[in-house]
Amino acid sequence: LPHLEMAAAGRRRLGDLVGLGASLNNIGSVHHNRGAWEKAAEYYREALSIKRSISDMRGIASTAGNLGLIRKIQGDFRGALRYMEEGLGISRRIGDLTGQCWRLLGIGVVWLDMNEFDMAEGYLSESLQMGNRIGDAPGSGIACAGLGDLYLQTGRLPEARRFLERGIALGN
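Under my numbering, the first residue of the sequence shown carries the number 3, and numbering increases by one thereafter.
Written as structure tokens, this is what we have:
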């Protein structure tokens, strides 16, 4: 973390907005991984502001997705969906298939957490299809796990087992 903070400070002094936005997003990710949600959100918001100012579309989509994850963790599902849908829209506009796969996955998981099973199934299925198409095994594996969880919660046990086993296989 100290090295990331030093890099951000240097980039700020140099006026390197591209690098500063990336550094702030990375610092936010460290705080995110440590469970410091508000600190992570602070860095993500600053990174998002910079990325918007320089029209870094891929960066905006990614950082909006990160803010969406924080909102989800904090129980603000509607806020999570707003950020994630913004990221998905940008990923679609710029043709970022990996970004689309992961944004669809995030949105599907939020709908699942809200017990909106039909919405969750649609997004998770689309994420799985996209992940399979582009060869993103981690994304496909997590989408399978999400679908397995959904089917478990809705009492569709054979489907749950099939998707959970498939998710485990993709993770190995």
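Think of the CB as a built atom: it goes at the ideal place given N, C-alpha and C, for glycine as much as any other residue. Bear in mind that the values here come from a model prediction, so they are computed numbers and not experimental data.
- For L126, the secondary structure class from DSSP, reduced to helix, strand or coil, is helix.
- R73 counts as buried, since no fewer than 16 other beta carbons sit within 10 angstroms of its beta carbon.
- In this structure, E123 places its C-beta atom within 8 angstroms of the C-beta atom of L149.
- Comparing alpha carbon positions, the residue from A42, R164, A24, G81 closest to I109 is G81.
- By the Cβ rule, the segment 33 to 44 does not count as touching the segment 52 to 65, because fewer than three pairs are nearer than 8 angstroms.
- Of the residues assessed, N174 falls on the exposed side of the cut-off, its CB having fewer than 16 other CB atoms within 10 angstroms.
- The shortest CA-to-CA distance from R84 to any of D98, T65, T100 is the one to T65.
- With 16 or more other Cβ atoms from the protein chains shown falling within 10 Å of its own Cβ, M86 counts as buried.
- In the DSSP assignment, G150 falls within the alpha helix (DSSP H) that extends over 139 to 155.
- The beta carbon of L154 lies closer than 6 angstroms to those of A162 in the same chain, with the five residues before and after it left out.
- Following the DSSP letters along the chain, one finds L3 in no alpha helix (DSSP H), marked with neither H nor E.
- Only residues of its own chain outside the window of five on either side were considered, and among them T100, C103 have a CB closer than 7 angstroms to the CB of D138, listed in chain order.
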